[in-house]
Ligand SMILES: [Zn+2]
C-alpha cells in the first residue's frame, strides 16, 4: 500500500492509546506512513497537512482482529480478501489475522505469500495464520519454519480441533521453538457429531442435537495438560464460550502457563435463545450458549482473563444459510458490528472504561499474537481509527461492505460509530 502523499493532522480529538496509557485531548500528525507527533491541542504546526476535525470523537489505534475468515483462496463467492478487509476498515480494523480453512487449506508458504500479495487489494494489514497440520487433517505437522518465514504469525486447524494428543504435543513443541502460538479451536468432535447448537432444554425442544460445554472445556483442559510438558509453549484458545473452559484458562495462568484466549462479540452479547425458531443466522461454532456462560464471558472480560475480542467473521452466501438449521454452515459476519457491540455491552451496560474496551480490540490482541500493531506511540505505523463513542445507529446488513449478510444483528441499535480508518498511512474508510 502506498501511504497518502499528503500529511494528515487529526485535530481536537480525545486520544486513547491503551498501549501507552494516554487518554486526553491531543492532536495527531501523520506523515509518510508514520505517526510523527502526538501533542497537546494547537501545538502541532503543519501548514501543508490536510485537517481532520475530530472534536467530540475518539482517536485510537486501529483495531486488531485476530480471528477472521477471508475465504480466499477458493471461496470468493462468500468473501474475498478485498471485500473482507473493506468490511474490516468500515468496522475500524486495520489489522486482521486470516484463518487457514480456505480452499485449498493454507498449509504452504506459497499460499501464505499469496494472501499477502498487493494484488489481493487489501484495505487492512493481513496476517495469515497457517494450518497446524497438512490439510488441517490433524495428522502431519506442516513446515512451521517455512510458514513463519513466509509471514505466518501462528498455526491452527481452526474449524477443526487437533484431537490426537501426540500431534498436539508435537505442534506445541515445534511452534514453541519458533515463538509461534498454537491456536486451538477447542471442540472435542467425538462429543459433537451431528450437533448444531448448544446442548440444553432449548435444543431438546427444537429437536436438535446439542453440543455439551464439556466438548469445549475438556479439550482446553487436555491442551493445558500438554502445555505443561512444553518449554516456552504458547496456547491460544480461539473463541472461548464456556465458564468451564474459562476457569481452566484462569487456573493455568495462575500457574504461570502461557495461555491466552479470545471471545467473540456474539458470545458476550447473545445467548442460545437467539436461535429462536431455527434462525440459521444464529448458528455458529462454538454455538451461542446459556445465560450462565454468557455471564462468565463478561466476568472474564472484566477481570482480565480474556485477552482479546475477536470477531470470528465467517461470511457465507445466502443460499448456504437458507436451508434447514442442522444443514446450514456455521458462522456469522462480525467486522462491522464488533466495536458497537463492545461499547454497548461492555462500556454502557457494564461500565467498563473505554480505554479497557479499546485495549481488548487493539493492544491486547496484538500482544497475544505478537503483532507489531495496536499503538499510537510516535514512530508507530499509521494505523488509526476515529469514531464517535456516543452515536447510536442501526446496523443494516444491506449496507455492509462484506459480500455476505449472515448476521444475527440485523436491525440492532448499536452505540459507537466509525468515522475514519487509516491503515498503513492510507485512508481505508471515511464516512
Ligand atoms: Zn473456530
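In my numbering, the protein residues as written are 37 to 467. Here a beta-carbon is modelled for each residue, glycine too, at the ideal position from N, C-alpha and C. What you are looking at is a predicted structure, and each value in this text was computed from that prediction instead of being measured.
Residue i beta carbon near ligand 1 (any heavy atom closer than 7 Å)
i	result
residue 195	yes
residue 274	yes
residue 302	no
residue 352	no
residue 349	no
residue 432	no
residue 355	no
residue 383	no
residue 221	yes
Pair within 8 Å by beta-carbon distance, residue i and residue j
i	j	result
residue 152	residue 162	yes
residue 185	residue 217	no
residue 457	residue 120	no
residue 65	residue 83	no
residue 278	residue 369	no
residue 142	residue 195	no
residue 324	residue 293	no
residue 356	residue 365	yes
residue 309	residue 242	no
residue 345	residue 378	yes
residue 169	residue 198	yes
residue 352	residue 440	yes
residue 118	residue 465	no
residue 398	residue 100	yes
residue 312	residue 318	yes
residue 62	residue 415	no
Assigned exposure category for residue i - 16 Cβ within 10 Å defines buried
i	result
residue 455	buried
residue 461	buried
residue 220	buried
residue 234	buried
residue 193	buried
residue 268	exposed
residue 265	exposed
residue 54	buried
residue 114	buried
residue 418	buried
residue 468	Any property of residue 468 remains undetermined from this structure, which presents the chain solely from 37 to 467.
residue 421	buried
residue 176	exposed
Collapsed DSSP secondary structure at residue i in the structure displayed
i	result
residue 200	coil
residue 37	No answer about residue 37 holds up, because its pLDDT of 48 lies below 50 and its placement is not dependable.
residue 352	coil
residue 164	strand
residue 46	strand
residue 156	helix
residue 458	strand
residue 467	coil
residue 308	helix
residue 269	coil
residue 1	It is not possible to answer for residue 1, since the shown part of the chain is limited to 37 through 467.
residue 453	strand
residue 334	helix
Let me know the beta strand (DSSP E) ranges lying completely inside the segment 54 to 128, each 3 residues or longer, listed in chain order. 58 to 67, 70 to 75, 86 to 89, 94 to 97 and 99 to 104
Secondary structure, beta strand (DSSP E): runs of 3+ residues fully inside the segment 369 to 444: 420 to 430
Note down, one range per segment and in chain order, each beta strand (DSSP E) of at least 3 residues found wholly within the segment 179 to 262. 218 to 220
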